[in-house]
Amino acid sequence: MFSMPSQTGPCKVLEFDKNKCVGCNSCVNVCPCDVMIPNPERGGEPIVVYAEECWFCGGCVEECPHDALTLVPPAKQRLSTVWVRKDTGEEYRMGMKNPLPRNTRPPSGRT
Amino acid sequence: MNWHEYVNKTGKVPEWPYPVSYGKENVVEADVLIVGGGVAGCRAAIAARQKGASVVVADRGFSKRSGSGGAGVDHWHGAVTNPCSKVTPKMYSEAAMETTDGYTNGLARYIIGKEGWDTLLEVEEMGVQIRDLDDEYEGSIFRDDETKLMFAYDLENKHCLRIYGYNIKPVVDKTMRELGCEVYDRVCITSLLTEGGKPGARVIGATGVNDRTGEFFIFKAKAVIVSTGHTNRLYNFAPEMTESQTMTNLNQTSMGHIIGWRAGAELIMMEQSGQSLLSGLGYAPYSTGNNNNTYQGSRVIDKDGKEVHYADAEGNLIYDEEGIFKSSEEGSFIIGHGIALDHGQMPKYKITTTDPHLWDKVQSGEYQMPFYTDFPGMSEKSRDIIFQLMLAHEGKCRVPIYKNLTDWGFDPAKDMLQYPISDYSKFPLDTSWCGGDQTPSSWRGGEGGFLTDWRLQTTLPGLFAAGCGPLPSQGCHGESHTAGRYTGRQAAVFAKQNGAVEPDREQIEREKARCYAPVSSEGGDIGWKELNYAVARLMQDYCGDYKTEHTLEIGLRRMKDLLETEGQRMYASNPHELVRAIESLSLCELGIAHLEASKSRQASCKVLGFVRNDFPEDTEDWHCWVSISQDEQGVKSRKIPVDYYLKGEYSGDLEENYQKYAELEG
Ligand SMILES: Cc1cc2nc3c(=O)[nH]c(=O)nc-3n(C[C@H](O)[C@H](O)[C@H](O)COP(=O)(O)OP(=O)(O)OC[C@H]3O[C@@H](n4cnc5c(N)ncnc54)[C@H](O)[C@@H]3O)c2cc1C
Chain A
16 MFSMPSQTGP CKVLEFDKNK CVGCNSCVNV CPCDVMIPNP ERGGEPIVVY
66 AEECWFCGGC VEECPHDALT LVPPAKQRLS TVWVRKDTGE EYRMGMKNPL
116 PRNTRPPSGR T
Chain B
52 MNWHEYVNKT GKVPEWPYPV SYGKENVVEA DVLIVGGGVA GCRAAIAARQ
102 KGASVVVADR GFSKRSGSGG AGVDHWHGAV TNPCSKVTPK MYSEAAMETT
152 DGYTNGLARY IIGKEGWDTL LEVEEMGVQI RDLDDEYEGS IFRDDETKLM
202 FAYDLENKHC LRIYGYNIKP VVDKTMRELG CEVYDRVCIT SLLTEGGKPG
252 ARVIGATGVN DRTGEFFIFK AKAVIVSTGH TNRLYNFAPE MTESQTMTNL
302 NQTSMGHIIG WRAGAELIMM EQSGQSLLSG LGYAPYSTGN NNNTYQGSRV
352 IDKDGKEVHY ADAEGNLIYD EEGIFKSSEE GSFIIGHGIA LDHGQMPKYK
402 ITTTDPHLWD KVQSGEYQMP FYTDFPGMSE KSRDIIFQLM LAHEGKCRVP
452 IYKNLTDWGF DPAKDMLQYP ISDYSKFPLD TSWCGGDQTP SSWRGGEGGF
502 LTDWRLQTTL PGLFAAGCGP LPSQGCHGES HTAGRYTGRQ AAVFAKQNGA
552 VEPDREQIER EKARCYAPVS SEGGDIGWKE LNYAVARLMQ DYCGDYKTEH
602 TLEIGLRRMK DLLETEGQRM YASNPHELVR AIESLSLCEL GIAHLEASKS
652 RQASCKVLGF VRNDFPEDTE DWHCWVSISQ DEQGVKSRKI PVDYYLKGEY
702 SGDLEENYQK YAELEG
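Residue numbers (the numbering used here), protein chains in the order written: chain A, 16 to 126; chain B, 52 to 717.
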């Protein structure tokens, strides 16, 4: 056990899918605010060292060639991003306990 | 993983992963240097290269994604010469001037009106979708079926477009690199080099520090363009709380203004500031229900399903969708949102808003909170245009909002997004989409920048300004592209006409000593954040609600004291922190420039949101720009007519000036 400084930053910022991330560091390289460093262990997932400098643009997620990244908004945002299903009146939020199935409809436009 | 996980898992603190060589010199030469590779900088680079100049770009982040525009765009303003538009460049810039009583960049706005559409067509050629190519929205009121263009804000005049801009920055960045522009990412420019090392002289290059290696860069160039964007760190600094909500990231500190100010350039409009807008203390942009900007036109209902109506500028309620996208005055047009022209706008140019009496109606019990964006209650096409098109392409939305919402199962055909419970008496300000409303009353920096001529050249020969921030009163994506592209041409011409000059070694040595102090002196005990918090404290206190000659002088004294005392005792553990420290120091100087400008304007000014308690009147003799600059003798200030670009050496006609300067050849 270590004595640690209290966690700086709004939240963990990124979730890496351990089965997909190969440690290619594309996310590290593209981040405008340089909030990550490569893992010293080759192939390991990057380390978010400056979480409070992330401005949540999501560029790293778009850049990831292995679809291994999820941008995690701060809890305050998860709790304020709330919706109601019009015909049932049921309430949901980002980060809810029992997630709904994904809405897989793609955005407009060619990619 | 985060730092805690790593330490707990390995029992080790991660070492700095990059080789560090503080102060090691790299010398780079080119015809044109671009300071800041945002959209303005990238477009300037491309245009200068196409005119035959050799080009280097220094970006503090990584230009593929950096800058406010790095995360996407959905509205393209100023495309007034598109085939469907009824607005002309003259109407566009005159409306901007009229609605701000002249306190706007009428000159840049004319250039943008002339070239904004062409600039967008080039982006289309590079690979950004700007039309409904697959006829998804055929028959929608927002679409022109012939050109397949999609419109926003004003459907009669059709000058603002909806575009599919989520990938615009990677596309522009790729074009720039393919054309042979040399890009130096992760290099923060810290100063300009001037001929003979003197303030006020021709600009001949710049210095920079790499935020991974700590190496030093000396750029030598025949012409330099500053395009460093806005800042959000001057009045409000609380990154742990605000970064997910800001419209400007921590790399943007208006350093471009400050390197110019230190080199002796004249700045205007620096006294302008605004209350609580976009300061990042509210909600993440577009993450909650709302009906503005990207969501403009969406249906709103209250807790019981009762519809909330939009209203025109006179407060008349609107009951049909088309009415939301129409100016309240015959023959006029809606300027649109987010182009630094929002406040105090004249009714005839104003966007439609939520019922201005909504808050009273909540108090009286007529409506019950919460409100919802009622996507299911809209027509399928209109709903999709907002959710699948706009929200999926807007900045900081495709991943943080669109992807996250849909990954969590949000379906606009079935679901209504909740508004925050909040005081909507401020709603007509139209800022709920970015959380500005819900922010405690505080101030933020304004939209001042460099005084320029018709070439967008600053008062320093060889130094050009482009984009938001460096060009005063600019606030939008398309305008930054367009002004960048124009400035790139102008800088290339200047570089053809003027030879290279060797920089002054003493100037370089002074800058090196300043930059590396936080890693070379013993006993530093002030971190970059502590200094930044202090700057924000001083700005809130001395450049906010109450200003007199006396309090401004106290503010100036304190800011200089901060710079000379705590500012001399900084530490940095690695190059990343070093560059942040250099930014915080530069913010002290930005504060000084704001305070000096506020001291110089001896009158209040409604349009600029500027209050002087010792000069409460908004008097005619101060209806002008107040410029500030500094040289070896100190700070100087002068009055300049707001339409200086139509006076003196210039023609009184916008078009004549444009014709004379727009296509200069070297
Ligand atoms: C979420 C969001 C949505 C938006 N949506 C729209 C929209 O729909 N329509 C619209 O018109 N506008 C929109 N905008 C505004 C638009 O993105 C900006 O106006 C535009 O990006 C400004 O471009 P720029 O190149 O002038 O500045 P920026 O894009 O901010 O670029 C500035 C660049 O300078 C670099 N830099 C800063 N300091 C230094 C230094 N010292 N040395 C080296 N480099 C430096 C930065 O790294 C950055 O790359 C939006 C903005 C945001 C944040």
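Every residue, glycine too, gets a C-beta built ideally from N, C-alpha and C. Quantities reported herein were computed from a predicted structural model and do not represent experimental measurements.
The Cβ of V37 (chain A) sits no closer than 9 angstroms to any Cβ of chain B. With respect to N343 (chain B), T405 (chain B) sits close: the two C-beta atoms are nearer than 9 angstroms. A residue is called buried once 16 or more other Cβ atoms fall within 10 Å of its Cβ, and L184 (chain B), having fewer, is exposed. The beta carbon of S117 (chain B) sits closer than 8 angstroms to at least one heavy atom of ligand 1. Using a C-beta cut-off of 8 angstroms, the region 550-563 of chain B makes no contact with the region 595-615 of chain B, since fewer than three inter-stretch Cβ pairs fall below that distance. With contact defined as three or more Cβ pairs closer than 8 angstroms, the region 682-690 of chain B and the region 617-636 of chain B are not in contact. Between the alpha carbons of Q439 (chain B) and G216 (chain B) lies a distance of about 12 angstroms.
Per DSSP, the unbroken alpha helix (DSSP H) holding G92 (chain B) starts and ends at V90 to Q101. In summary, N34 (chain A) is exposed, with fewer than 16 beta-carbon neighbours lying within 10 Å of its beta-carbon over all protein chains present. Secondary structure note for R100 (chain A): it is in no alpha helix (DSSP H), and the uninterrupted beta strand (DSSP E) holding it is V97 to R100.
Interface annotation, N54 (chain A): in contact with chain B, CB-CB separation under 9 angstroms.
Taking the beta carbon of A66 (chain A) as reference, the chain B residues within 7 angstroms of it are N53, listed in sequence order.
Assigned with DSSP and collapsed to three states, R536 (chain B) falls in helix. Sequence-distant partners of I62 (chain A) (beyond 5 residues in either direction) whose C-beta falls short of 7 angstroms from its own C-beta, in its chain, are M51, I52 and N54. Contact between the region 268-288 of chain B and the region 86-101 of chain B is present, with at least three C-beta pairs closer than 8 angstroms. If you keep only unbroken beta strand (DSSP E) runs of at least 3 residues inside the region 105-140 of chain B, you get 106-110.
Chain-order list of chain A residues neighbouring D458 (chain B): R117, by C-beta distance under 7 angstroms. When only Cα atoms are considered, L715 (chain B) and A91 (chain B) end up about 20 angstroms apart. Nearest neighbour of E207 (chain B) by Cα position, chosen from B:K399, B:K137, B:G178 and B:T61, turns out to be B:K137.
Beta-carbon to beta-carbon, R93 (chain A) and R108 (chain A) are separated by about 6 angstroms, close enough to satisfy the 8 angstroms threshold.
Shown here, W168 (chain B) sits in a helix according to DSSP, grouped into three states. Across the region 458-475 of chain B, CB contacts with chain A closer than 8 angstroms involve D458, W459, G460, F461, D462, K465, D466, M467, L468, Q469 and P471, in sequence order along the chain. A straight line joining the alpha-carbon of T503 (chain B) with that of L511 (chain B) spans about 9 angstroms. By a beta-carbon distance limit of 8 angstroms, W127 (chain B) contacts L171 (chain B). Their separation comes to about 6 angstroms.
Contact annotation: the region 423-442 of chain B touches the region 351-370 of chain B, with at least three C-beta pairs closer than 8 angstroms.
Given a length threshold of 4 residues, each whole run of the alpha helix (DSSP H) inside the region 500-572 of chain B is given here in chain order: 528-548 and 556-571. Counted as a single uninterrupted DSSP element, the beta strand (DSSP E) harbouring G259 (chain B) occupies residues V254 to N261. For R663 (chain B), same chain residues with a beta-carbon under 6 angstroms away, outside a window of 5 residues either side, are K598 and S655 in chain order.
For T339 (chain B), the closest alpha carbon among the candidates B:S324, B:I452 and B:S702 is that of B:I452. Between L614 (chain B) and V260 (chain B) a beta carbon distance of about 19 angstroms is seen, past the 8 angstroms cut, so the two are scored as non-contacting. Assigned with DSSP and collapsed to three states, I192 (chain B) falls in coil, not helix or strand. Look at Y235 (chain B): its C-beta is not under 9 angstroms from any C-beta on chain A.
Between A314 (chain B) and V254 (chain B) the beta-carbon gap is near 6 angstroms, inside 8 angstroms, which marks them as a contact. Interface annotation, D32 (chain A): not in contact with chain B, CB-CB separation never under 9 angstroms. Around the beta carbon of P336 (chain B), 16 or more other beta carbons lie within 10 angstroms, which makes this residue buried. Contact between F376 (chain B) and N77 (chain B) does not hold, since their C-beta atoms are separated by about 52 angstroms, which reaches or exceeds 8 angstroms.
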